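A short write-up of the structure that comes next.
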Amino acid sequence: MSNIIYLVSIIIIISVEAVLATDVEYDDGYDSMRPHKHVKPNENTVSNQVREIMEHYKQVEPIGLPGAPIPDPLPIPDMKHSRPIATLLLKNSTMNGLSKFKIEQLYSNLASMQVEVVLKYAKLEILGNYTLKGWFSLSSGGFNVTLTDVYLECIAELEVARMGNLQATDISVDIGVKDIVLDFKRLGFLGTVFQGMINTVGPFVFDSVKPFILSEVNTNMRGDINKNLRLLKQTFPNSMPPIDLALAAARKLVKEHGYDPYRINDYKYSPGLFSIELSDIYISGLATFHRLGNMSITVSNNSILLGVHLSTRRLHGSCTWELSLAGLVSDYGFTSFSIEYLEVNTKINQSLNVRNSPKLNELQLSIGNIQLRMNGLGTLDYILELLANVVPNILRYQILDAVEGLLLRRIQDTLDLVDIEKEIEAHLSKLDDMRNTEPLPVQPEIPPLEDEHYDDIEF
């Protein structure tokens, strides 16, 4: 479980690191306290862990997670179950199968940095020895309590610590089971006499083991997660979520790479005798995109689903045009336009088997009101402006439906050419560079402020 939450944290940091690797730096004043040596290549590097996970999920039914620090079997404290007619003692018990889980569902809200994980166990077994003492009898032997369809649910919240690193704060864990099957060896005649008592052993064992497991998970998981997170070099300000910091850096990159303002290729349309040519087409405002609502990562059915909902502020554009009739009569002018906003809501699916290409499951576009100004045709400018300002707004949804279908096919054609495994392998070395050789020091707890009392002071 801790490895899963740690990997989600890595995804958050990689998404931020990808854009912050340019010129965006954040100085939190703790730089001198951080070790700066790179990790030497060895089997414990993040890159090798990622490789193991990629190979693991190439299986048809992957079970467990490579490198997960899960004790299996897990020793369980002795348990005592007393009734007026007899006392049952369970000792030398272990829980088996904790490492054989399947990730039923994972949901991560990248904005609030909350991770929800549901693990499913087809079967967990508690094995040990029992002693059953009655008034006039004694029986002992081995026992097996089989828990089927077990669900382990965990909700963890991440925050930016004072030193700028991510850390896990609140972690809540719960466990549920569908059925419990008992098998006590060598009960003999006592099994019939104490059948009613034996029937209550299943819920008793589960209720006794549950707090122990939850305590072990809560105690060890947070420390394990935070120890790994303190090894990461990337730090963040605590004034905004890391994903918004990444979007801010991405907006800067869009401008630096010349995409805002963006020049569109010249366009010429000649249906017959009449032709129109558009040139010097520019659109600005593309770098004003921002997050709307949550950005989420969901894992289910061995696939990752990334949900992104972005919107721009008002877009402005302009172009020059030339209108001709049979090549004899021509006129030219200038047009400016504005679009209130452009929203993009998309969901991309990637199989955990990285041999498969990503799929664009959903693409929804939404635009605000369109306004257009023209000059060059005299009185005709006003007629064309009226048509241009009314018709696109009336036919907005029909236009978007046509554009969405075309874009979805074009984007999917591009995604089909992407070799995800090759791309991941090409960037794995950067993951190792993100780690320090030693974790950051644990930040000291700040003692609460004590109330000051002024009872003895005369005013």
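Just so you know, the sequence shown maps onto residues -21 to -1, 1 to 438 in mature numbering (1 follows the signal peptide of the UniProt record, and there is no 0). Even glycine gets a Cβ: it sits at the ideal position worked out from N, Cα and C. These figures come from a predicted structure and were not determined experimentally.
8 Å contact criterion, which residue i and residue j should meet: CB distance rounded
{"i": "K81", "j": "I42", "result": "6 Å"}
{"i": "V124", "j": "I159", "result": "7 Å"}
{"i": "T291", "j": "L331", "result": "No, T291 and L331 are not in contact; Cβ-Cβ is about 33 Å, not under 8 Å."}
{"i": "L285", "j": "M413", "result": "Actually they are not in contact, since the Cβ atoms of L285 and M413 sit about 21 Å apart, beyond 8 Å."}
{"i": "G296", "j": "F316", "result": "5 Å"}
Residues bridged to residue i [DSSP beta-bridge criterion]
{"i": "A146", "result": "As written in the sequence, residue 146 is Gln, which differs from the Ala given in the question. Answer is E138."}
{"i": "W300", "result": "L257, G312"}
{"i": "G120", "result": "Y109"}
{"i": "V287", "result": "T325"}
{"i": "N332", "result": "DSSP output for N332 lists no bridge partner at all."}
{"i": "Y320", "result": "DSSP lists no partner for Y320."}
{"i": "L294", "result": "I318"}
{"i": "T24", "result": "T24 is not bridged to any residue."}
{"i": "F215", "result": "Paired residues: none, contrary to the question."}
{"i": "K70", "result": "N108"}
{"i": "T127", "result": "K102, D158"}
{"i": "L55", "result": "The sequence given here places Ile at residue 55; Leu does not occur at that position. According to DSSP, I55 bridges with S72."}
{"i": "D398", "result": "BP columns for D398 are empty, so no partner."}
Exposure label - residue i; buried when at least 16 CB within 10 Å
{"i": "A405", "result": "exposed"}
{"i": "A225", "result": "buried"}
{"i": "I243", "result": "exposed"}
{"i": "L208", "result": "buried"}
{"i": "G202", "result": "exposed"}
{"i": "L396", "result": "exposed"}
{"i": "L117", "result": "exposed"}
{"i": "V39", "result": "exposed"}
{"i": "A229", "result": "buried"}
{"i": "F313", "result": "exposed"}
{"i": "A381", "result": "exposed"}
{"i": "N217", "result": "exposed"}
{"i": "N348", "result": "exposed"}
{"i": "F215", "result": "buried"}
{"i": "F253", "result": "exposed"}
{"i": "M219", "result": "exposed"}
Whole-angstrom distance between residue j and residue i, CA atom to CA atom
{"i": "W300", "j": "Q350", "result": "17 Å"}
{"i": "Q28", "j": "G46", "result": "7 Å"}
{"i": "A(-1)", "j": "A147", "result": "Unreliable positioning characterises A(-1) in this predicted model, as indicated by a pLDDT of 48, which lies under 50. The coordinate reading is nonetheless provided below. Spanning the two alpha carbons is a distance of roughly 24 Å."}
{"i": "V392", "j": "K326", "result": "It is worth fixing the name first, because residue 392 is Asp in this sequence and not Val. D392 and K326: Cα-Cα distance of roughly 16 Å."}
{"i": "L271", "j": "L126", "result": "43 Å"}
{"i": "K240", "j": "D259", "result": "Just to set this straight, residue 240 is Pro in the shown sequence, not Lys. The straight-line gap from Cα to Cα measures roughly 12 Å."}
{"i": "M33", "j": "I55", "result": "33 Å"}
{"i": "L385", "j": "L344", "result": "12 Å"}
{"i": "L77", "j": "L103", "result": "7 Å"}
{"i": "N75", "j": "A101", "result": "12 Å"}
{"i": "K164", "j": "K99", "result": "28 Å"}
{"i": "S151", "j": "G143", "result": "24 Å"}
{"i": "Q329", "j": "N71", "result": "45 Å"}
{"i": "D162", "j": "G181", "result": "10 Å"}
{"i": "Y238", "j": "V287", "result": "20 Å"}
{"i": "K157", "j": "V129", "result": "7 Å"}
{"i": "K79", "j": "N281", "result": "15 Å"}
{"i": "N324", "j": "L410", "result": "29 Å"}
{"i": "M353", "j": "S26", "result": "57 Å"}
{"i": "L321", "j": "I222", "result": "20 Å"}
{"i": "K37", "j": "D398", "result": "15 Å"}
{"i": "N340", "j": "H236", "result": "28 Å"}
Determine contact between the stretch 237 to 257 and the stretch 58 to 70, defined as no fewer than three beta-carbon pairs at a distance below 8 Å. Because the criterion of three Cβ pairs below 8 Å is not met, the stretch 237 to 257 and the stretch 58 to 70 do not touch.
Hey, is the stretch 101 to 111 in contact with the stretch 133 to 145, meaning 3+ C-beta pairs nearer than 8 Å? The stretch 101 to 111, when compared against the stretch 133 to 145, does not touch it at the 8 Å Cβ threshold.
On the three-pair Cβ rule with 8 Å, is the stretch 266 to 286 touching the stretch 83 to 99? As far as the Cβ criterion goes, the stretch 266 to 286 touches the stretch 83 to 99, which means the pair count is three or higher.
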